[in-house]
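2 is the number of the first residue of the sequence shown in this note's numbering; add one for each residue after it.
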Amino acid sequence: MIVSAEAFVRLRTSQDPADQRRATHEPAELGVWLEVIDRHPEMKSWVVHNKTVPLEVLRILADDQDPRIRRDVLRKNKVLSRNKIDRPLVEKFARDPDEEVRADLAENRDVPRDILERLAEDLSSWVYVKARERLVERAREEAAEA
């Protein structure tokens, strides 16, 4: 278990692959993750990459000013995967001010149809093209399964 923000940073920045794996796979208390985010903002992306990071932390990082961090959160299976959908977070990403975040959402295979349909009407041509392509792909997949 990762016991402090400093321990996480030390593991993540280590040259030892075993330490880096620990930073990716070991859990930490909520307070440790919050301290990493607060005291080591350059480590936010690595917090998202941890396999055990709680959804509560991902929800906090979904509001980060940096769209790269928001995209990292969007890509987590805890947020959007075939078996799990955190609807409030997906809704938030569908309204994200950054078109790249919305485009990434539109490309996701597991985004709910109603959100894809909304993204297909996005003001950004990049987003609406990706959403429309995904809707066409989904229709083909559904037809093939029928």
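Note that the Cβ used here is the ideal one computed from N, Cα and C, for glycine as well.
For Arg40, count neighbouring C-beta atoms within 10 Å of its own C-beta (all shown protein chains included) and say buried if the count is 16 or more, exposed if not.
Under this definition Arg40 is an exposed residue.
Under a Cβ-count criterion, where at least 16 other Cβ atoms within 10 Å of its own Cβ denotes burial, should Met44 be classed as buried or exposed?
Buried, because 16 or more other Cβ atoms sit within 10 Å of the Cβ of Met44.
Run the CB neighbour count on Trp127, radius 10 Å, all protein chains shown included, and call it buried at 16 or more, exposed below.
Flag for Trp127 reads exposed.
Alpha carbon to alpha carbon, how far is Leu35 from Val137?
For Leu35 and Val137, the distance between alpha carbons rounds to 41 Å.
Would Ser125 and Arg103 qualify as a contact pair, given that the criterion is a beta-carbon distance under 8 Å?
Yes, Cβ-Cβ distance for Ser125 and Arg103 is below 8 Å.
Taking buried to mean at least 16 other C-beta atoms within 10 Å of its own C-beta, is Arg114 buried or exposed?
Arg114 should be labelled exposed.
Which residue's Cα is closest to the Cα of Lys93: Asn78, Asn84, Asp65 and Arg110?
If we check each option's Cα against that of Lys93, Asp65 comes out closest.
Going by other Cβ atoms of all chains shown within 10 Å of its Cβ, with 16 needed for buried, is Asp67 buried or exposed?
With fewer than 16 Cβ atoms within 10 Å of its Cβ, Asp67 is classed as exposed.
Can you tell me whether Ala63 is buried or exposed, with buried defined as 16 or more other CB within 10 angstroms of its CB?
Buried, since its Cβ has 16 or more Cβ neighbours within 10 Å.
Using only alpha-carbon positions, find the residue among Leu31, Leu106 and Ile86 that is nearest to Asp73.
Ranking Leu31, Leu106 and Ile86 by Cα distance to Asp73 puts Leu106 first.
Can you check which of these residues, Glu101, Pro98, Val49 and Arg139, is closest to Leu117 by C-alpha distance?
Comparing Cα positions, the closest option is Arg139.
Three-state secondary structure (DSSP) at Leu81?
The answer is strand: DSSP assigns Leu81 an E or B state.
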